[in-house]
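*Asks:*
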Amino acid sequence: MDAGSLNSYSNLKGQSRCPLQEQLLQRKNSKENMDRFIPNRSAMDFDYAHYMLTDGRKIKENQTVCSPAREAYRKQLAETLNMNRTRILAFKNKPPAPVELFPTEHSTASAHPTKSAKPRRHIPQSSERTLDAPDLVDDFYLNLLDWGSSNVLAIALGNTVYLWDASDSSTSELVTVDDENGPVTSVSWAPDGRHIAIGLNNSEVQLWDSASNRQIKSGFNGMEQSHPHDRRNGWSDC
Numbered sequence: 026m027d028a029g030s031l032n033s034y035s036n037l038k039g040q041s042r043c044p045l046q047e048q049l050l051q052r053k054n055s056k057e058n059m060d061r062f063i064p065n066r067s068a069m070d071f072d073y074a075h076y077m078l079t080d081g082r083k084i085k086e087n088q089t090v091c092s093p094a095r096e097a098y099r100k101q102l103a104e105t106l107n108m109n110r111t112r113i114l115a116f117k118n119k120p121p122a123p124v125e126l127f128p129t130e131h132s133t134a135s136a137h138p139t140k141s142a143k144p145r146r147h148i149p150q151s152s153e154r155t156l157d158a159p160d161l162v163d164d165f166y167l168n169l170l171d172w173g174s175s176n177v178l179a180i181a182l183g184n185t186v187y188l189w190d191a192s193d194s195s196t197s198e199l200v201t202v203d204d205e206n207g208p209v210t211s212v213s214w215a216p217d218g219r220h221i222a223i224g225l226n227n228s229e230v231q232l233w234d235s236a237s238n239r240q241i242k243s244g245f246n247g248m249e250q251s252h253p254h255d256r257r258n259g260w261s262d263c
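Under our numbering, the first residue of the sequence shown is numbered 26, with each subsequent residue one higher.
1. Which residues bound the alpha helix (DSSP H) around T105?
2. N168 bridges to which residues according to DSSP?
3. What is the C-beta distance between N184 and D204, in whole angstroms, given that I count them as a contact (C-beta under 8 Å)?
4. Evaluate the contact criterion for the segment 208 to 216 versus the segment 155 to 171: three or more CB pairs, one atom per stretch, below 8 Å.
5. Evaluate A181 with the Cβ neighbour count: other Cβ atoms within 10 Å of its Cβ, from every protein chain shown; 16 or more gives buried, anything less gives exposed.
6. Please list the terminal residues of the continuous beta strand (DSSP E) segment that includes D72.
7. Going by DSSP, what residue range makes up the beta strand (DSSP E) through H220?
8. Indicate whether S174 and P123 have their beta-carbon atoms separated by less than 8 Å.
9. Could you tell me which of Q231, N238, T105 sits nearest to F245, measuring between CA atoms?
10. Please return the same chain residues whose Cβ sits closer than 6 Å to the Cβ of A191, not counting the five positions on each side in sequence.
11. From the DSSP output, read off the bridge partner residues of T155.
12. Kindly indicate which residue of D193, C91, R112, K143 has the alpha-carbon position closest to the one of R2.
13. Should A179 go down as buried or exposed, given a rule of 16 or more other Cβ atoms within 10 Å for buried?
14. Output yes or no for whether 8 Å exceeds the beta carbon distance between K117 and N65.
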């Protein structure tokens, strides 16, 4: 076969191709993606798809004539459960629900169910009682007020500790220390509401019985910190 016959054969072969073949060759040469559509399994509702492929057809074939009220109920139930979908394959995820910039009264009521409002606590505008505590030191590191479980308030004013009983508004003096050891820097009630600890400026801690106005023990804070396992160290009975 000569060169002329070969050229004519190749021209006839090229002309015999159908348009579809030409389009496929062009796409293959241009490296175009020829992948088919594949459903997204994560976005599919397999229960609904199985129902539509099995029971859904049977219900449509065996559907009987129902009353208007029953038919309206069936349609409303299908809309509520989203059973009117025609597609069972999902090729992309569902877009997120739009945000309501101006929520309606119905949406607000459904999102936030009404609850019985609690009655507001009445706050008086004026004080019921006023406690006069002159010369009270305004210092963050001092604890000069402490309310005990027996409803008695301990107040440290300078070198003196006062007790104010809230039940009868009576005031009594517990102890007054000398200027060498004072002033009183802290007061703290015990959980029983009877015993009270008093801290002084010289690091001394005194334990008092408020019922008998008697000092029970005294000690120094430095002694207790150096021997934390033996709290009797540095303490003396009075």
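For each residue, glycine too, the CB sits at the ideal point set by N, CA and C. From a predicted model like this one, the values you see are computed outputs, not experimental measurements.
*Replies:* Put simply:
1. 93 to 105
2. S211
3. 7 Å
4. yes
5. buried
6. It is not in any beta strand (DSSP E) - D72 instead sits in the alpha helix (DSSP H) that spans 71 to 78.
7. 220 to 225
8. no
9. Q231
10. N176
11. Paired residue(s): none; T155 is not in a bridge.
12. Outside the modelled stretch of the chain, which goes from 26 to 263, sits residue 2, for which no answer is possible.
13. buried
14. yes
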